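Comments concern the structure below.
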Amino acid sequence: MSKFLLIILMLGSISTYAGINKWVDDQGHVHYSDQPPPSNMKAETLRSISDSNGNTTTSTSAPAATSSPAAPKTIAEREAELKKSQKAKQEATHKALQKQAEEDAKKASCATSQQNLRTLQEGIRMVEVDANGERSYMDDKQRQERIAKAQQDVATYCQ
Numbered sequence: 005m006s007k008f009l010l011i012i013l014m015l016g017s018i019s020t021y022a023g024i025n026k027w028v029d030d031q032g033h034v035h036y037s038d039q040p041p042p043s044n045m046k047a048e049t050l051r052s053i054s055d056s057n058g059n060t061t062t063s064t065s066a067p068a069a070t071s072s073p074a075a076p077k078t079i080a081e082r083e084a085e086l087k088k089s090q091k092a093k094q095e096a097t098h099k100a101l102q103k104q105a106e107e108d109a110k111k112a113s114c115a116t117s118q119q120n121l122r123t124l125q126e127g128i129r130m131v132e133v134d135a136n137g138e139r140s141y142m143d144d145k146q147r148q149e150r151i152a153k154a155q156q157d158v159a160t161y162c163q
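Under this note's numbering, think of the first position of the sequence shown as 5, with each following residue one higher.
Next comes the structure, spelled out in structure tokens:
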């Protein structure tokens, strides 16, 4: 039983190395074969022939490739490219984080300026505590000066 299986496997593997050609004869019949066509027929190679090393060759009727493959990069070149791309990603991330932090600070300054302006415009009595800890009430002139300053801050931070 194992002998027959071995023979079948060997016969099946032989055809994997064969190239397949397709051509049309004078009468219009399409032929598929692993043998090359007669010399007066134009053939199209459907599958190329592989040798035992895994190298692929094409039949003589198929056009040859004109471009040579690019030389593989060395490990040092690949590492340098990797480090360069990682550095670029880190710089982009850092810039994005910095920009986001600036936007957040600007939003916080805007919210604080708007809250100060609302508080000043409410008209309630405002008390200031000086360096000695004494309280003094804000008069209308001081309130108007502070409102003008708060409006400038809102215009600056809330664009």
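Just so it is clear, CB atoms sit at the ideal spot from N, CA and C, and this is done for glycine as well. Fair warning: this is a prediction, and the values are worked out from it, not measured in the lab.
Burial state of residue i, where buried means 16 or more other Cβ atoms lie within 10 Å
i	result
residue 133	exposed
residue 158	buried
residue 124	buried
residue 117	buried
residue 145	exposed
residue 55	Any reading at residue 55 must be qualified, since the residue scores a pLDDT of 47, below 50, and its modelled position is unreliable; the value itself is stated next. Exposed, since its Cβ has fewer than 16 Cβ neighbours within 10 Å.
residue 23	buried
residue 105	exposed
Span of the alpha helix (DSSP H) around residue i
i	result
residue 151	144-161
residue 93	79-125
Identified DSSP bridge partners for residue i
i	result
residue 35	27
residue 139	133
residue 47	27
Top-ranked residue by Cα proximity to residue i, from the options
i	options	result
residue 46	147, 75, 26	26
residue 141	153, 128, 152, 151	128
residue 161	143, 121, 135	121
residue 50	35, 107, 77, 6	35
residue 151	137, 43, 119	119
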